[in-house]
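Below: one structure, written as structure tokens.
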Amino acid sequence: DLYRPGDPADRLWLLVSGRVRILETDRLHGEEQLLGEAALFSHRGHRHTARCERDSELLALRRDDLEALIHDAPGVALGLLRSLSLRLETGTGDP
148 DLYRPGDPAD RLWLLVSGRV RILETDRLHG EEQLLGEAAL FSHRGHRHTA
198 RCERDSELLA LRRDDLEALI HDAPGVALGL LRSLSLRLET GTGDP
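Written as structure tokens, this is what we have:
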């Protein structure tokens, strides 16, 4: 599993290739999707289990590195806000 309920949300995940399923909601995430950003920004542990469905490649960005990146390149924050907004609009909620 990528993460489970109660695991610390200390990084943001970018799914480069493959698929990740959120078990509690049966939601499937595909390439170029972000995982864990809502838990990361809320400073709470993960509420769901994320499991790779097949061989998958993911990039992990630690909270400290993400905060430094946002400080140096504020456009990154806008991209994250877009991602969260799209999830709210489509009702897919928090991964």
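Numbering (our numbering), first residue to last: 148 to 242. Built from N, CA and C at the ideal position, the CB exists for glycine as well. Predicted, not measured: the structure shown is a model, and the values here were computed from it.
1) Taking contact to mean at least 3 C-beta pairs separated by less than 8 Å, is the region 196 to 216 in contact with the region 150 to 165?
2) Which of the three DSSP states, helix, strand or coil, is assigned to P242?
3) Quick one: grab the DSSP three-state call for R191.
4) Out of D173, A185, L181, which has the shortest C-alpha to C-alpha gap to A156?
Taking the coordinates as given:
1) The region 196 to 216, when compared against the region 150 to 165, does touch it at the 8 Å Cβ threshold.
2) The pLDDT assigned to P242 is 48, lower than 50, so where the model puts this residue is not dependable, and the model offers no usable value.
3) coil
4) A185
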